[in-house]
Structures are given as C-alpha cells and as structure tokens.
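Position in the sequence shown counted from 1, then plus 761, gives you my numbering.
Working notes, structure below.
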Amino acid sequence: MLEAQVREAVEVLKRGGIILYPTDTVWGVGCDATNGEAVSRVFALKRRDDAKSMIVLLDRPEQVVRWVREVPDVAWELWEAAEGAEPLTLILPEGRGLAENLLPAERSVAVRLVQNEFCRRVIHKLGRPLVSTSANLSGEETPTTYAAISEAIRRGVDWTADPAMEESTATHRASSIIALSSDGGFRIVRR
C-alpha cells in the first residue's frame with residue numbers, strides 16, 4: 762500500500778497538484794516546493810496571507826545544501842541532537858531554487874528533515890522538497906488527526922493519502938522552530 766500511495770502522490774505533485782498527507786507531526790497540505798503556481802494554490806486553499814512562509818520538508822541532510830545557499834554550522838548540530846526526538850524545523854538564511862512565492866522578502870526558508878516514511882519516499886521520488894503546512898484554514902485550530910480536518914481542506918486538494926497511513930509515531934502537534942542567522946545567532950520561534 763505504501764508504494765502505491767507514494768506513486769500516486771508523486772504523480773499529482775509532478776502535475777502541479779496539491780496533496781493532503783500525514784507527516785511526523787500533524788497532517789499537512791503540500792505541493793512541489795519549486796512550483797510557484799502550486800504554492801499559490803496552497804496559500805489560497807488555506808486562505809492564508811502569502812507573506813507568511815511555509816515549511817519545506819527534505820528527506821535527508823545532504824539535500825539541505827542544494828536548497829539553502831549557506832547552512833550555519835550549528836544547524837547540523839541541532840538536527841543531529843534532535844534526531845529521534847521531537848521534530849525540529851530550522852529557519853535558514855537564503856533559500857535557493859525554490860518557488861519565489863515560497864520565500865519571504867529576506868529569502869529565508871524553514872526546513873525540516875522529516876522522519877515519516879511516506880514523506881521521505883515521496884520527496885526522494887519527486888527529487889524536490891515538499892511544502893508542508895498544517896491542514897487547516899488560516900486562523901483555525903490545527904487538526905491533530907485526519908478526522909479533525911475540515912471539509913473545506915479535504916475538498917480543496919487534488920489527492921489525499923489513505924487515512925490509515927497516519928503513523929502512530931506522529932507527535933500530533935507542530936514542530937519546534939528555531940531561526941538561525943548566518944553568524945550562528947538564533948531565536949526560538951515556537952517550542
């Protein structure tokens with residue numbers, strides 16, 4: 762079942778579609794992070810201001826340098842320390858190769874190295890980062906399970922993962938976020 766789900770999701774993503782899928786935190790709405798039209802559709806679905814950035818998921822550490830111009834050394838230490846623990850998103854200076862409307866004015870990018878097997882396989886097969894934003898309308902509470910996702914979100918996507926794939930290892934809450942500067946400074950955005 763997992764391989765079929767991965768194949769279907771990747772086909773939709775390659776066509777510029779948006780998907781509803783389980784992550785290592787909460788269910789997400791996402792698209793190919795290099796496709797500006799798809800990113801716009803995610804913002805519209807969520808009724809979210811496009812000045813707010815979204816998280817980008819990657820499947821392995823060596824991919825980070827492909828999509829971020831300069832990765833502060835402390836980022837690697839933080840990801841290593843967080844491995845196997847709570848999911849950690851790092852806001853890194855200057856993303857590159859991503860959809861322009863995904864990057865805020867200062868061009869930073871929020872990156873999470875995802876642990877969820879479905880996500881990892883999709884990202885690997887797609888060959889590009891996956892946008893991830895919680896599966897709720899802007900301003901509404903983040904749903905922690907598939908059952909809690911609104912009909913507006915369910916109807917607004919092009920493909921939905923089988924709800925049975927919701928992993929028991931998911932935290933059912935948003936990741937911690939730390940913003941890093943190129944000089945090694947940091948700011949805790951969300952715990």
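For each residue, glycine too, the CB sits at the ideal point set by N, CA and C.
These numbers come from a predicted model, not from an experiment.
In the three-state scheme derived from DSSP, where H, G and I count as helix and E and B as strand, R889 is classed as coil.
With at least 16 other beta carbons inside 10 angstroms of its own, E927 counts as buried. Collapsing the DSSP output to three states places D834 in a helix.
For the pair E844 and R821, the Cα-to-Cα distance works out to about 12 Å. Between R873 and P848, the C-beta gap is smaller than 8 Å, which places the two residues in contact. One thing to note: A871 has its Cβ no nearer than 8 Å to the Cβ of V826. With respect to the 8 Å criterion, W788 and P890 are not classified as neighbours on the basis of their beta carbons.
With 16 or more other Cβ atoms from the protein chains shown falling within 10 Å of its own Cβ, W828 counts as buried. Spanning the alpha carbons of L781 and F947 requires a straight line of approximately 31 Å. Exclusion of the five residues before and after D923 leaves M762, Q766 as the residues of its chain whose Cβ lies within less than 8 Å of its Cβ. Contact check for R808 and S899: beta-carbon distance about 5 Å, within the 8 Å limit, so the pair qualifies. About 6 Å separates the CB atoms of V875 and D785; that is less than 8 Å, so the two are in contact.
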